[in-house]
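Colleague: The numbering of the sequence shown is full-length UniProt numbering, which starts it at 1 and goes up by one.
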Amino acid sequence: RYAEIARKMLETGNWVTLQQDYGVPFWAKPPLSIWLSAFFMQLLGVNEFAVRLPGLLLSIGVLWLVWGVAKKQSGSMAALFSLLTLAGSLYFFLDAGTVMTDPALLFCITLASVSFWHAMVYENKIWSYAFFAGLGLGLLAKGPIAVVLVGMAVFFWVLLRNEWLNLWKRLPWVKGTLLLLLIAVPWYVLAELRTPGFLNYFILGEHFHRFLTPGWSGDKYGIVHHVPKGTIWLYATAG
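#1: Which residue comes first and which comes last in the alpha helix (DSSP H) that contains L32?
#2: Considering only residues of the same chain and omitting the five flanking positions on each side of G143, which have a CB-CB separation below 8 Å?
#3: Assuming contact is defined by CB atoms lying nearer than 9 Å, are F132 and G61 in contact in what I supplied?
#4: With DSSP as the reference, identify every bridge partner of V24, one or two as the case may be.
#5: W64 and L80: beta carbons closer than 9 Å?
#6: So the alpha helix (DSSP H) A91 belongs to, where does it begin and stop?
#7: Can you tell me whether DSSP reads G197 as helix, strand or coil?
#8: Between L139, L135, V121 and F116, which has its C-alpha nearest residue 319's C-alpha?
#9: Using a threshold of 9 Å, state whether the C-beta atoms of I2 and V99 are closer than that.
#10: Measure how close the beta-carbons of G151 and I183 come, nearest whole angstrom, since I'm counting them as under 8 Å.
#11: Take every Cβ of the segment 93-107, pair it with every Cβ of the segment 31-47, and state whether three or more of those distances are shorter than 8 Å.
Below you can see the structure in the form of structure tokens.
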């Protein structure tokens, strides 16, 4: 599905509205993964390799970030062990070759998390801005869930270490937030202007009604209403 959406993006030249069919908007996901697939198809031609390449490159990026932080914190052997453990994880290995939004989300979350660690522990200004850039890209990768996941990790890290004052001092909250907004907000505004109702469905529907409204019938794309109950536990076998 995502490969075809990327192909339509390249064919129509419409890089704002994701289309599940010609003229039919796809509101379930932001565009970062689709942009990358469309870009590589434009560069390498419309083929399977081009559409899968972004997931592989993003996964390599995650491995590089994990290697870097593990080496700085615990040395080369720990970094190698971390790298091999992550690379050998079944879901990570399979996900690297899929045409999904997960590799982009994982990269953005990892970028933000690693950047936060560098900014807090080593007071690195470049990494402090990379933290906000990672959050902004995460909003383009899969939406507010990126900010929620990183925010939870940050909250408990700061809570356990009692780093509240340093949290305020070592991160450029004003300029960083502006950077985050500059990265993410323009597309959301354009998407709503092109197809009114997008923000209501994606922000409220996908992130609130889906979980808080019993019997929510607004899901346009999921299959959860049409598969046997308990099927989700099959995914446990992949762990």
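Using N, Cα and C, we set each Cβ at its ideal position, and we do this for glycine too.
Modeller: Concretely, from the data shown:
#1: Run containing L32: L32 to L44, per the alpha helix (DSSP H) assignment.
#2: So the qualifying residues of the chain are K29, P30, F202, I203, E206 and H207.
#3: Against a cut-off of 9 Å, the Cβ pair of G61 and F132 comes out as no contact.
#4: In the DSSP assignment, V24 is bridged to D21.
#5: Taking 9 Å as the Cβ cut-off, W64 and L80 do not qualify as a contacting pair.
#6: The residue you asked about is not Ala; residue 91 is Tyr in the sequence shown. Here the alpha helix (DSSP H) through Y91 covers L90 to D95.
#7: In this structure, G197 counts as coil in the three-state DSSP scheme.
#8: Past the edges of the chain, shown from 1 to 239, lies residue 319, and the structure says nothing about it.
#9: In the sequence as displayed, the identity of residue 2 is Tyr instead of Ile. Taking a C-beta distance under 9 Å as the contact criterion, Y2 and V99 qualify as a contact pair.
#10: Not quite, the Cβ-Cβ distance comes to about 17 Å (not below 8 Å), so this is no contact.
#11: These segments touch.
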